[in-house]
Structures are given as structure tokens and as C-alpha cells.
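The block underneath contains the structure these notes are about, expressed in C-alpha cells.
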Amino acid sequence: EGEGERATSLLSMDVDGRVLRFDSLSKLLSSGIRIGFVTGPPQLVQRIDLHSQATTLHTSGVSQALVLALFNRWQETHATSHAGFIDHVSVVSDFYRERRDNFLACADKHLSGLAEWTVPTAGMFVWFKIKGVDDTDAMVKEGARELKVLLVPGTSFMPTPGTKSGYVRAAFSTASMEEMDEALRRFALMIKGALKNKR
Numbered sequence: 008e009g010e011g012e013r014a015t016s017l018l019s020m021d022v023d024g025r026v027l028r029f030d031s032l033s034k035l036l037s038s039g040i041r042i043g044f045v046t047g048p049p050q051l052v053q054r055i056d057l058h059s060q061a062t063t064l065h066t067s068g069v070s071q072a073l074v075l076a077l078f079n080r081w082q083e084t085h086a087t088s089h090a091g092f093i094d095h096v097s098v099v100s101d102f103y104r105e106r107r108d109n110f111l112a113c114a115d116k117h118l119s120g121l122a123e124w125t126v127p128t129a130g131m132f133v134w135f136k137i138k139g140v141d142d143t144d145a146m147v148k149e150g151a152r153e154l155k156v157l158l159v160p161g162t163s164f165m166p167t168p169g170t171k172s173g174y175v176r177a178a179f180s181t182a183s184m185e186e187m188d189e190a191l192r193r194f195a196l197m198i199k200g201a202l203k204n205k206r
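In terms of my numbering, the numbers along the sequence shown are unbroken and rise by one, the last being 206.
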């Protein structure tokens, strides 16, 4: 897909009622909202609803009230609350796209030759493959603490605990351009230190 194009939903391709689509308002409205929803075949959604009622009871009432107030506001300012939501999604997408582009410019400046990465088309994270490092766990746990950079080693995302990974995940959602530049400068120092210690 091109920049800004929405991916086709798997739910739209469901022909025999076995696709579930899970969505969240957490990153679109506020990270603390913690409201998600599922769309799919009624018999499956009803079972999920029963499980949710038995385990978490329901989403926070305060969060639900805030989201309702926001959608009611969009109803007043747009033709429909859905139109207001779509406008908001576009603003958020543009915001994170600019953040991503700034972050990648800093990565080009500091990490070229040390790591490889692809341009994410969605989300708030970049995955780095560290050249010459097969396991980033110790590098991140020791180096990140020392250099005061928050990164997550790839092993944290592996299904089997202790599985080595040469990847590191970094977020670009909240940092300013100056903070991104400094963080990736420190990340480069961390990688260089790990490579030096490996010799």
C-alpha cells in the first residue's frame, strides 16, 4: 500500500463467518483509555462477551463516559460522529507519520552501518536488526541503563523465553526531535560498545 492508504480489512473478505476483527481506541484517543472492541460472527462475539464479563466485568465506566462525550462532540461538529472520528484518525496518522519520519532521519544519521530497519507503515515503533549482534538482551539491559535510553530487546517478544534475538524495538511516539536525536546517538554508542566487547 502507498503512504496513508488503509489496508483492506480481513473482515471484509470473510465469506464463511470465522474472522474476528479486534480494534482499540487506546492509541487513537489516549493511551490510558483502554477501550477495545471486536467485530465478527455473533455467536463468537457473544462468547467473547461472556468471557469478558466473567473476567474483567467491563471496561472502565469513566473511560466509556469520556469516549461517549467525545463522540457526542463529534456529532455536533461534523455531519456524523463517524465523520468526526475519521477526521481525528487522519490527524493522528499525520502526527505519527511526521514523528516516524523525524525518527528515521535520526536513525540514518546515527545508525547507518550499525543496524538495518524498514520504514513502518503503521504503529509507533521501529525494529532494528543490529549488525554483528546475535543477542541484544545484555546489550540493551546493561547499555540502556548506563546510557539512559529506553529500548526493548527482541527476546522480550519471543514466544519461548530465553530465545536469542538480534533485534531491538524503539518507540518514537512521545519524543521530541532533540530527544530522538540524542537517544539514537546513545543507541549508536551502545551498539559500538557491544561490538567492541565482542572482539
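Ideal placement from N, C-alpha and C gives every residue a C-beta, glycine not left out. Keep in mind that this is a model prediction, so the values were computed, not measured.
Query: Mind checking whether residue 35 and residue 74 have CB atoms under 8 Å apart?; Result: no
Query: Taking 6 Å as the limit between beta carbons, can you name the residues of its chain near residue 155, skipping five residues before and five after?; Result: none
Query: Am I right that residue 45 and residue 25 are in contact with their C-beta atoms under 8 Å? What's the rounded C-beta distance?; Result: Not confirmed; about 13 Å, so no contact.
Query: Measuring CB atoms only, is the segment 188-198 touching the segment 131-148, in the sense that at least three cross pairs come out at less than 8 Å?; Result: yes
Query: What number of angstroms, rounded off, separates the C-alpha of residue 76 from the C-alpha of residue 86?; Result: 16 Å
Query: Given a threshold of 16 other Cβ atoms within 10 Å of its Cβ, counted over all protein chains shown, does residue 201 qualify as buried or as exposed?; Result: buried
Query: Closest Cβ-Cβ distance between residue 109 and chain C: below 8 Å?; Result: The structure shown contains no chain C; it is built from a single protein chain.
Query: Is residue 190 near the ligand GTP - that is, is its Cβ less than 7 Å away from at least one heavy atom of it?; Result: Ligands in the displayed structure: none, and consequently the ligand GTP is not present.
Query: Among 168, 121, 177, which has the Cα closest to the Cα of residue 157?; Result: 177
Query: Please classify residue 9 as buried or exposed, where buried requires at least 16 other C-beta atoms within 10 Å of its C-beta.; Result: Unreliable positioning characterises residue 9 in this predicted model, as indicated by a pLDDT of 49, which lies under 50. The coordinate reading is nonetheless provided below. Exposed, by the Cβ-count rule.
Query: Does residue 175 pass the burial test, meaning 16 or more other C-beta atoms within 10 Å, or should it be called exposed?; Result: buried
Query: Using 8 Å as the Cβ pair cut-off and three pairs as the minimum, do the segment 80-99 and the segment 107-117 touch?; Result: no
Query: Residue 78 to residue 203, Cα distance in whole Å?; Result: 54 Å
Query: Could you please give the first and the last residue of the uninterrupted alpha helix (DSSP H) stretch that includes residue 173?; Result: No alpha helix (DSSP H) holds residue 173; DSSP gives it neither H nor E.
Query: Indicate whether residue 42 and residue 32 have their beta-carbon atoms separated by less than 8 Å.; Result: yes
Query: Could you give the uninterrupted runs of the beta strand (DSSP E) lying entirely in the segment 98-146, keeping only those of 3 residues or more?; Result: 122-124, 132-137
Query: Would you tell me roughly how many angstroms separate the C-alpha atoms of residue 62 and residue 117, rounded to the nearest one?; Result: 46 Å
Query: Going straight from the alpha carbon of residue 122 to that of residue 108, what length do you get?; Result: 17 Å
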